[in-house]
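Below: the structure, in structure tokens.
Protein chains: 4
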Amino acid sequence: MAQAAQTTTDKPRNKRAQLLEAAAEHFVRHGYAASSMRDIAAGAGMQPASIYYHFPSKVDLLVAVHEEGLRRITQATAGALIGVSGPWTRLEAACIAHLTALLEGGVFFQAVMREPPDVAGEARSRITEMRDEYEAIFVRLLEDIDFPVDTDRHDLRLMLLGAMNWSFTWYRSGQEAPESIARKFVAYLRDGLAAPLSGRD
Amino acid sequence: MAQAAQTTTDKPRNKRAQLLEAAAEHFVRHGYAASSMRDIAAGAGMQPASIYYHFPSKVDLLVAVHEEGLRRITQATAGALIGVSGPWTRLEAACIAHLTALLEGGVFFQAVMREPPDVAGEARSRITEMRDEYEAIFVRLLEDIDFPVDTDRHDLRLMLLGAMNWSFTWYRSGQEAPESIARKFVAYLRDGLAAPLSGRD
Amino acid sequence: MAQAAQTTTDKPRNKRAQLLEAAAEHFVRHGYAASSMRDIAAGAGMQPASIYYHFPSKVDLLVAVHEEGLRRITQATAGALIGVSGPWTRLEAACIAHLTALLEGGVFFQAVMREPPDVAGEARSRITEMRDEYEAIFVRLLEDIDFPVDTDRHDLRLMLLGAMNWSFTWYRSGQEAPESIARKFVAYLRDGLAAPLSGRD
Amino acid sequence: MAQAAQTTTDKPRNKRAQLLEAAAEHFVRHGYAASSMRDIAAGAGMQPASIYYHFPSKVDLLVAVHEEGLRRITQATAGALIGVSGPWTRLEAACIAHLTALLEGGVFFQAVMREPPDVAGEARSRITEMRDEYEAIFVRLLEDIDFPVDTDRHDLRLMLLGAMNWSFTWYRSGQEAPESIARKFVAYLRDGLAAPLSGRD
DNA sequence: AATGAATGAGGTTTCATTCAT
DNA sequence: TATGAATGAAACCTCATTCAT
């Protein structure tokens, strides 16, 4: 019943949302360049021309997908930190949230954590700017950790994010849970892997 | 005379090589889908139709680029291991070679270490197969290390390769050397980052 | 209250008039084919769909612009003849009025004195018919002049109107006044330009 | 036989020429904006895509049409002056050539003597520049005539050219010959039309 | 070994217009 | 009186590819 009510309430916004979802899905599956407006329109159940009532161009659609995706992942990751304390524990929580969103959260999350497509200046910088804003969460998390001297927090952050973001290339749903993967990544960095007796050569 | 000999000898090879180089460059810069045969031809100094003398189709060009790139990076990484001993030292040497090739070695290396383009079955599996063959080097390197019990070598390998392969998204030439980055990545994993006195929370 | 009355009285007329003006402006500046309903609507401060409340189609808008423009120029030219006598003086007065309207009177005048756009039958003939009606003023003015025998009044009229109507292609506001140009055109035809002593070769 | 030989000789250039001709024809008949590449291609007996082998864009086709048309009309008008003497006679010869070309010489001549279409900067200025170059012929012809003092050669030229260029709006083939019309235009300006006894009011 | 010329399919986008509200 | 949302058709143009030479 609540559902029925919601359906009627949603209707005005439905089409735009469907469109965005269809676009995100195609961008993720085939890449931006290989996603045609025709296919995206078909995925949203409308005519290609109708897209242009909602978005002025294909690249604007891309930007809108990124806006939505980054809004969502920011909410997910920041939300996972509420009430969590202990610097390593917080980092782990953020990584779990990030990786779970990316690997199991749906197309919007994946759409934003890819190598940015080859688009012209303004759109590209808007996308980069939004991503940097999100990644600032991790900058702050690493600042809070008491690392050994001369640890390079910058490279460390990119190492960790790279390891996570690359995972969509090999992750297969139904095998190891994203949470488990994230825990391992953090543990390996925190504890190190040199066996006490074997030396470091 | 030596020149004349070289000219005649090189020419046939040259054109094909130029073409492959131009293709790799476009694939890296704009992605496979956004790279047109026209632009690739222009980059190689020939007419679009002339490409088809050397390669039967665009996707074959892609496969050839991957063949060449993987041949090169295999040679680079395997070569860097010759005469090197100590399991962690060997891993470090391989990472240095891999990252240096990727970030400063030219377009062929970058062309192969990207998320694989959205192409049809046969080409895709050929590319995947070649990549797996290369990454087997790292499988073996990790087998040789005496890790703590219940270390997940599989996830560890993908973590390390992901961190490295993602680096092309943020690396800027002229700043930190790839070798330095690689050393850090390995050190962090080997030694861990939890400060002795601060605890692991 | 006067305001309220005015508002209610003007509004309906206003929007239609604004629309017509915006259409005339676009037709003049970009031509009929290159003027989009979207742009015209924007120029009139309304949505494209709203045009169709006032006019059933684009071509009807064109016809309406011509109706308004020809109404205005007929009024201007015929008005300029009231109380003027002397056949050459009357012709001159008409030419001054025509050229002043065309070059400085605003978009409606220019909209109607252009090569007629490539539209289908009915609209085209309606436009032609209205123009012929206007040009009849000049037919009558020339009938009243006592020309040398075998003067071709038909070609003469078209020569004079052609010279005037073409002027929008080279006229630049702020330089010579339209009135001055019109006087010259008439004077040259009336008095001729062969210098008395130089012969006519 | 000569014909057959010519046909085989012309072949390489044929397609481009046909294309230009078809474009000129459509531009003249429907205007630039209303001429579609599809229709032009059909007129030239090729596929729309094939146009782009010869010309990079629609606007380049327009410029090429103007280049060809202005080349032709310059040749026609300048050619008509060879061996002709007497300043008025020369002006008359030029007007006959101009008007004959325009009204009976085919689409290229008409294509260039129209109000220039609403195209972007570079193409527009190239077209204007070429036209000015052609009209310079008339500048020189008028300089050679010994007019009454204070005759405005500038306005006179534009009056004459306007009268001629406008004629395509009313000229119907098969009635009065262009040559006859041109003679009248020049005669009226040379001799004037005020009847000796009637006065100039 | 290369290319000039062409093409069918499909790309993104704009068009005039409709219609329920 | 106006418009938000949509659409079928068509716009210009690019695509990978072909083929005779």
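Protein chains in written order, with our numbering: chain D, 1 to 201; chain F, 202 to 402; chain B, 403 to 603; chain P, 604 to 804. Glycine included, each C-beta is placed from N, C-alpha and C at the ideal position. For clarity, every value in this text was computed on a predicted model and none was experimentally measured.
query: Which word fits P/Q606, buried or exposed, when buried means at least 16 other C-beta atoms lie within 10 angstroms of its C-beta?; result: Any reading at P/Q606 needs caution, since the residue's pLDDT is 39, under 50, leaving its predicted position unreliable; the model's value is listed next. Burial call: exposed.
query: Does the contact criterion of 3 or more C-beta pairs under 8 Å hold for the segment 130-141 of chain D versus the segment 88-97 of chain D?; result: yes
query: Taking 6 Å as the limit between beta carbons, can you name the residues of its chain near B/E531, skipping five residues before and five after?; result: none
query: Taking DSSP as the reference, what is the three-state secondary structure of F/Y372?; result: coil
query: With respect to the alpha helix (DSSP H) encompassing D/D150, which residues constitute its N-terminal and C-terminal limits?; result: Here D/D150 belongs to no alpha helix (DSSP H), and DSSP marks it neither H nor E.
query: At what residues does the alpha helix (DSSP H) containing P/D642 begin and finish?; result: M640 to A647
query: What is the rounded straight-line gap between the Cα of F/R273 and the Cα of F/V266?; result: 11 Å
query: Measure the C-alpha to C-alpha separation of F/A277 and F/E334 and round it to an integer number of angstroms.; result: 14 Å
query: Do B/M515 and P/A766 have their C-beta atoms closer together than 8 Å?; result: no
query: I'd like to know whether the C-beta of P/H633 is nearer than 8 Å to at least one C-beta of chain B.; result: yes
query: Please list the residues of the segment 717-733 of chain P that have a C-beta atom closer than 9 Å to any C-beta atom in chain B, keeping them in chain order.; result: R717, E718, P719, P720 and D721
query: Does B/R592 come within less than 8 Å of chain P when only Cβ atoms are used?; result: yes
query: Between which two residues does the alpha helix (DSSP H) containing D/F108 stretch?; result: V107 to V112
query: Determine the chain F residues that contact D/F147 at a beta-carbon separation under 8 Å, and present them in chain order.; result: L394 and A396
query: Please report whether the beta-carbon of B/I539 lies at a distance below 8 Å from any beta-carbon of chain P.; result: no
query: With a cut-off of 8 Å, does the C-beta of P/S617 fall near any C-beta of chain B?; result: Here residue 617 of chain P turns out to be Asn, not Ser, going by the sequence shown. Answer no: the Cβ-Cβ gap between P/N617 and chain B never drops below 8 Å.
query: Within the segment 675-743 of chain P, note down every full beta strand (DSSP E) run reaching 3 residues or more, in order along the chain.; result: none
query: Taking F/A364 as the query, report the chain D residues whose CB atoms sit under 7 Å from its CB, ordered along the chain.; result: M159, G162 and A163
query: One question on the structure: do F/D345 and D/I181 come within less than 8 Å of each other, judged by their Cβ atoms?; result: no
query: Less than 8 Å separating the beta-carbons of F/T352 and D/L61?; result: no
query: Going straight from the alpha carbon of B/Q512 to that of B/A424, what length do you get?; result: 13 Å
query: Strictly below 8 Å CB to CB, what residues from chain D border F/L357?; result: K184, Y188 and L193
query: Determine the chain P residues that contact B/S452 at a beta-carbon separation under 8 Å, and present them in chain order.; result: Correct list: empty, because the minimum Cβ distance to chain P is about 24 Å.
query: Flag this pair as yes or no: are the beta carbons of P/A726 and P/V687 separated by less than 8 Å?; result: no
query: Quick check: the segment 253-261 of chain F against the segment 298-308 of chain F, are there 3 or more CB pairs under 8 Å?; result: no
query: Report the neighbours of P/T692 on chain B: residues whose CB is nearer than 7 Å to its CB, in chain order.; result: D603
query: Under the rule that 16 or more other beta-carbon atoms within 10 Å means buried, what is D/W88, buried or exposed?; result: buried
query: What does a CB cutoff of less than 7 Å around B/Q408 pick up in its chain, not counting 5 residues either side in sequence?; result: Residue placement at B/Q408 is flagged as unreliable, the pLDDT there being 39, under the threshold of 50; a coordinate-derived value is accordingly withheld.
query: Counting only the same chain and skipping the five closest in sequence on each side, list residues whose C-beta sits under 7 Å from that of D/I127.; result: V63, H66 and P116
query: Could you give the residue range of the alpha helix (DSSP H) that holds B/F587?; result: P580 to D593
query: Quick one, are the C-beta atoms of P/L800 and B/L591 less than 8 Å apart?; result: no
query: Throw me the rounded Cβ distance for the F/L343 and F/R332 pair, which I believe falls under 8 Å.; result: That belief does not hold up - the Cβ atoms of F/L343 and F/R332 are roughly 17 Å apart, past 8 Å.
query: Would you please verify whether the beta carbon of B/D441 is less than 8 Å from any beta carbon of chain P?; result: no
query: By Cβ distance, which residues of its chain are closer than 7 Å to B/L422, with the 5 residues on each side in sequence left out?; result: A466, V467 and E470
query: Is DSSP giving P/G802 helix, strand or coil here?; result: coil
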